[in-house]
Every structure is written in structure tokens, then in C-alpha cells.
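Residue numbers (our numbering), protein chains in the order written: chain A, 1 to 155; chain B, 1001 to 1155; chain C, 2001 to 2155; chain D, 3001 to 3155.
4 protein chains.
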Amino acid sequence: MSDRELTPQQLAEACAESMFARDTASQNLGMRIESVAPGRAVLTMTVREDMVQGHGNCHGGFIFALADSAFAFACNTYDEATVGSGCSIDYLGPGQLGDLLTATAEERSRRGRTGIYDITVRNQHGQEVALFRGRSYKIRGTVRRLEETAAESQA
Amino acid sequence: MSDRELTPQQLAEACAESMFARDTASQNLGMRIESVAPGRAVLTMTVREDMVQGHGNCHGGFIFALADSAFAFACNTYDEATVGSGCSIDYLGPGQLGDLLTATAEERSRRGRTGIYDITVRNQHGQEVALFRGRSYKIRGTVRRLEETAAESQA
Amino acid sequence: MSDRELTPQQLAEACAESMFARDTASQNLGMRIESVAPGRAVLTMTVREDMVQGHGNCHGGFIFALADSAFAFACNTYDEATVGSGCSIDYLGPGQLGDLLTATAEERSRRGRTGIYDITVRNQHGQEVALFRGRSYKIRGTVRRLEETAAESQA
Amino acid sequence: MSDRELTPQQLAEACAESMFARDTASQNLGMRIESVAPGRAVLTMTVREDMVQGHGNCHGGFIFALADSAFAFACNTYDEATVGSGCSIDYLGPGQLGDLLTATAEERSRRGRTGIYDITVRNQHGQEVALFRGRSYKIRGTVRRLEETAAESQA
Chain A
1 MSDRELTPQQ
11 LAEACAESMF
21 ARDTASQNLG
31 MRIESVAPGR
41 AVLTMTVRED
51 MVQGHGNCHG
61 GFIFALADSA
71 FAFACNTYDE
81 ATVGSGCSID
91 YLGPGQLGDL
101 LTATAEERSR
111 RGRTGIYDIT
121 VRNQHGQEVA
131 LFRGRSYKIR
141 GTVRRLEETA
151 AESQA
Chain B
1001 MSDRELTPQQ
1011 LAEACAESMF
1021 ARDTASQNLG
1031 MRIESVAPGR
1041 AVLTMTVRED
1051 MVQGHGNCHG
1061 GFIFALADSA
1071 FAFACNTYDE
1081 ATVGSGCSID
1091 YLGPGQLGDL
1101 LTATAEERSR
1111 RGRTGIYDIT
1121 VRNQHGQEVA
1131 LFRGRSYKIR
1141 GTVRRLEETA
1151 AESQA
Chain C
2001 MSDRELTPQQ
2011 LAEACAESMF
2021 ARDTASQNLG
2031 MRIESVAPGR
2041 AVLTMTVRED
2051 MVQGHGNCHG
2061 GFIFALADSA
2071 FAFACNTYDE
2081 ATVGSGCSID
2091 YLGPGQLGDL
2101 LTATAEERSR
2111 RGRTGIYDIT
2121 VRNQHGQEVA
2131 LFRGRSYKIR
2141 GTVRRLEETA
2151 AESQA
Chain D
3001 MSDRELTPQQ
3011 LAEACAESMF
3021 ARDTASQNLG
3031 MRIESVAPGR
3041 AVLTMTVRED
3051 MVQGHGNCHG
3061 GFIFALADSA
3071 FAFACNTYDE
3081 ATVGSGCSID
3091 YLGPGQLGDL
3101 LTATAEERSR
3111 RGRTGIYDIT
3121 VRNQHGQEVA
3131 LFRGRSYKIR
3141 GTVRRLEETA
3151 AESQA
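Right, here's the structure in full:
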């Protein structure tokens, strides 16, 4: 099926599937894609033993990783290869052992080659754990490039 | 030896040693502490195969992790438990497979319970790869708490 | 009327009135408070001739000033003197001569002495012009201190 | 004298002179350009009565304005029209009535159309008052465009 036949929603899902298949880092952290749509993505991750510090709180780096992945999936829903050029994060509350964290990424702006995305990380009680704001930059290539190349080489 | 006998430099080194011993995440990424001093830390990490994306560039998350660890070591050199309350990063250039990345963390401000640290990540050619600015917040406890508790329980 | 008799909404309005009366900078820029509520504030400002650059676009500093004022009013709605400890802004689109800009400030977090506020600046067409994220810090004193002192000195 | 005859230092000075001549906002705040060089600018401003709040501390907006102007002058030293796409500021200490504030802007990165600049604001005792990090974006046109147009129209 060619891209012309895909709806924007189908394209977003195809991009996410393609990215996730080769994103072993996110897979190893137990992340799951709950949903994607053009400019949006929702990812979840459970706080594991190996993510907590002495006091039983999740290390900030893993909360960042979840938000950063949600950002990456959201800004790559148009099949245009896009990378982060920078971001900021504010930690609001702790993620604790066993918590199910949900990162919701929403597009705030997309003009020319740059975009702005807001990601909110919440726990299973709906409490905000972190706020992340990412800036994206479109590079050359498509999101599904690798798969297409593989398909072509088989043809 | 009691804390009163330690110089600030010795205290900084003792804190770093204690933190690194239990920071399996940084260890697993192959990070090394090159030096620490009060309010300062220099860490290195080599970009491995499992850190690169399709094009051979290091995934931003690993560059962030290196800078974030340098930040954590620098703000915990006074044996006062300190966590990050937020940070921002700007990616300037790619880290590539095999690159030796060096993160240099310097204290810009430390007043009351809060601090500001600037971390610069460079490659082996001295080119800047990323700029990170972290905000720290002092919590209760000491950096070397766990070890001390362990020592006490043995006494 | 004592504070005990004021609802949170009345207290927020009293704080805003008191702050605005002595905020000549915001007054001189033609800012207006459209509404306040606990943790929230909406301010408007029209882009004047003296705010535009060569191309007829509003200088970023004035867009920042509007967002910064909305932030200040929102985090000072509890009659606890609060200042900004830092912030970031991303400019999304131009404000143009004659545009009516609206800054909407919303509280995202408020714990202990610190808070996080998101401010969105839009033009009269609802287009986003800038995103601002402010970090607040509670200091000693009340928002309405000056007025109360004045009233006491007259008594 | 054509641009080809100007050294980079002379070009930087010509750009700053041209920008400052039409930057009435910075002039009205009493800012002075102490020096410029390619990618660098140093500006000063004295904290006046109309810049202080109740406690005699300079309102953050004026500290921001000084840093923002230093940023603008530094990134416009190549005679390529450049605007800020975003920035962040951290307030470290108060600026007080009568203080002479100095903002030093330094280029950290300049690649393609984007750049990163670090601005440090200090008082007359060398104490750091604020840290500002700006992101620049090159647009069409030159810095000295207006003057050249004026000169042409007279020819």
C-alpha cells in the first residue's frame, strides 16, 4: 500500500510501529505505546526495581527517558525524520517503585523545520510527575526509511 | 576518619566514590569519573554500538545521561544529599560511534537549598556536543548515608 | 474585612488589584488584567508602534514582558509574596502591529515554596505566539503588604 | 567603504552601531554597549528607581531585558539578520538600586541558521545576578539594511 492511500492516522501508526521496532532502548525499559496520532503519542512505563534509588524513588533519568521517547514518537508521526534539538524538564513529584507512569506528548507548534512539543508525565493516580518541553528539527529522510530499504532490497 | 578531618577535596572524592558504587546505571553505560572537586565533576563515556541510531549518531538520550550524571556528581560533592529539580539541554553536534565524550560540570550558583550547574559535553576533538544546565535542590540526608548506615550496623 | 472572610477567588482578585496598582511597568505597556483566579491570570496587551521592529513585528522583549506579568499575577493569587526564580520562552509566531495579545497563565504545580506555571500567548485569531514556563519561589511577606502598612499608618 | 574591506571586528562594530541607533527600548533603559566582537557583546545598565520593586530589588524583567539585548547584539555581529527563537533565564541574586549590571554574551555554537549564546549578568562586585541562554535563528536580510536603504535613497 502506498503512502497516498494512508490516512494521517494510519501514517502516524505506521511510523510509530517502525520506530519502536528498532528502538531497543525504549523496549528494554519496558515502555509501551498506548496510542499515537498526528503530532501526539502516549507511552507508559512501570517503575522497576532497577530504576529506583535508595529511597525507593525513580531516578530522574528514567522519567526523562520516558518523556523523551514520547516526544520522539509524537514528532515523527508524519514520516519525516525528525530529531530533538533541545528540551527542558521540570520534576514535580516522585515516581515510586511499581508506579505506572504515563507520558502524554502533544504538539504545540510545527512550522518549517521546527516544532515544539509538551509532554506531561503522570502516575496512575493522575498526579503530575514531570513536565517536559521538546524542540524538534526536521532532517532529511523518512521515518520508515530502514524498512523501505529492506523491502526494496528483497524485491 | 571523621568528616572534620577531611579536606573539601577529600570529601568531594569520598562522595563521588560512594555515589558511583551504587549507581549501576552510570556504570552500565561505561561512564568513568575522571575527576571531582567541590562543585565540579568530569565524566567520560565512549559511544558504543548500542547507543547509536540508524545513521551512526549517538542517541540524544545517552548524551543526556552522561551530562545528567556529571551534574549529579558535581552537586553532591559536599556530602549533602542533593537532587535535580529540573534541567535543559541543547544538542549542538552529533556524538558518533567510538567517540570519547567528556562531560565537564561546573557550579554556577549555590545558595540556600538550590544550585545551578553548567555541563558541557565535548568529543575527543574538543568539539562541543551538548550544553546542559541543571537546577539542584538539597534534600535531607547525606550522600554517604548508605555506607555509614552499613558501617554502623556492622559495629 | 479580614482575610478570613475572603473566598479564595476574592483573595486572588484583591492580590491582583494591589499588585497592579503599583506595577507601573505593566501599566505603561498598556496591559490589562482580564481575569484572575487562584493560580490563574489572563492579561491582554495591544502591540503598539513603539513595540515593533523594522518589519512591523513585535519585539520579543514585549511578548516576554506580557507573559512574565501574567506569570507574576498568577503565582501571587494566594497573598503569599512570590517571585520568579527562572523561566523559559519559545517564540512560535510573530505579534504584529495592532494585534491584541492575550497571555493565559495556569498553575501546573505548587508544592512547598516552589511552583511551575505555563503561560500561552495568543493573538486575536487564537494563534499561539509564544509559550512561557515559569518557576516561582515563595519569599517572606504578603502580596498586599504595602497597602496594609499604609492603612495601618493612617489608623 | 564596502563590506569586503571590513575586518570581522569592524563589521561587528558597524552592526552594533546600526542596531543600537534604532533600538530605542535599550536606549531608554540606559543600556550602553561596552564592547562587541564577532559572536560577543558586553552591555551595561544601572538599576534605576523606576526598575525596583517594593524591597529595592530590580524587577526581573529589566535584568531579562539587559541579557536579551546583549544576546541580540552578540548574534547580530555578522551582518546577517538574526532573531531569538527562544531562551531561558535563571535568577541567581538580586540587582539592587544603583547597581551597575554588566551582561556578557558569548557564542557557544553557530551552525547553519541556528546558534546558542550564553549571557551572564553580574553586578559591580562581580557577583552573578542571572544566567541566560538564548537560541538564535537567522532570517533573511542584513543587520545594516535600514541604513543602507536610507543611503541608497539619498544617492
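Built from N, CA and C at the ideal position, the CB exists for glycine as well.
Check: Nearest chain A C-beta to E2107 (chain C) closer than 8 Å, yes or no?; Outcome: no
Check: Under a CB-based cut-off of 8 Å, is A116 (chain A) close to chain C?; Outcome: Looking at the sequence provided, one finds Ile at residue 116 (chain A) rather than Ala. By this cut-off, I116 (chain A) is an interface position.
Check: If you measure between the beta carbons of A3012 (chain D) and L3043 (chain D), is that distance less than 8 Å?; Outcome: no
Check: I want to see whether chain A comes within less than 8 Å of G1086 (chain B), judged by CB atoms only; does it?; Outcome: yes
Check: Cutting at 8 Å between CB atoms, please list the residues of its own chain near Q2053 (chain C), excluding the five before and the five after it.; Outcome: H2059
Check: Between the beta-carbon of C2160 (chain C) and the beta-carbon of T2114 (chain C), is there less than 8 Å?; Outcome: In the structure displayed, chain C extends from 2001 to 2155; residue 2160 (chain C) sits before or after that span and is not available.
Check: Is there a C-beta anywhere in chain B that falls below 8 Å from the one on R3133 (chain D)?; Outcome: yes
Check: So, under 8 Å CB-CB, L3066 (chain D) and M3031 (chain D) are touching, yes? Tell me the CB distance rounded to an integer number of Å.; Outcome: 6 Å
Check: Does the Cβ of R2048 (chain C) have 16 or more other Cβ atoms within 10 Å, making it buried, or fewer, making it exposed?; Outcome: exposed
Check: Should I1139 (chain B) go down as buried or exposed, given a rule of 16 or more other Cβ atoms within 10 Å for buried?; Outcome: exposed
Check: For T104 (chain A), count the other beta carbons within 10 Å of its own beta carbon; 16 or more makes it buried, fewer makes it exposed. Which is it?; Outcome: buried
Check: Taking buried to mean at least 16 other C-beta atoms within 10 Å of its own C-beta, is G134 (chain A) buried or exposed?; Outcome: buried
Check: Please identify the residue among A:M51, A:R110, A:E5, A:F73 whose C-alpha is closest to the C-alpha of R22 (chain A).; Outcome: A:F73
Check: Find out if the Cβ-Cβ distance for the pair L3092 (chain D), S1109 (chain B) is shorter than 8 Å.; Outcome: yes
Check: The segment 1079-1103 of chain B: which residues have C-beta closer than 9 Å to a C-beta of chain D, in chain order?; Outcome: S1088, D1090, L1092, G1093
Check: Report the residue ranges of all beta strand (DSSP E) runs contained in full by the segment 63-100 of chain A; include only those spanning at least 3 residues, in chain order.; Outcome: 82-91
Check: Say whether chain A places a C-beta atom closer than 8 Å to the C-beta of E1152 (chain B).; Outcome: Bear in mind that the predicted position of E1152 (chain B) carries a pLDDT of just 41, short of 50, making it unreliable; the figure below should be weighed with that in mind. Answer no: the Cβ-Cβ gap between E1152 (chain B) and chain A never drops below 8 Å.
Check: List, from N- to C-terminal side, the beta strand (DSSP E) runs of 3 residues or more that fit wholly inside the segment 3012-3044 of chain D.; Outcome: 3032-3037
Check: Using alpha carbons as the reference points, say which of B:Y1117, B:A1025, B:I1033 lies closest to T1082 (chain B).; Outcome: B:Y1117
Check: Is there a Cβ from chain B that is less than 8 Å from the Cβ of G61 (chain A)?; Outcome: yes
Check: Hey, how far is the Cα of S2088 (chain C) from the Cα of G3061 (chain D)?; Outcome: 13 Å
Check: Against chain A, does T1142 (chain B) count as a neighbour if the rule is that its beta carbon must be under 8 Å from one of theirs?; Outcome: no
Check: For I116 (chain A), which beta-bridge partners are listed by DSSP?; Outcome: A:S109, A:R135
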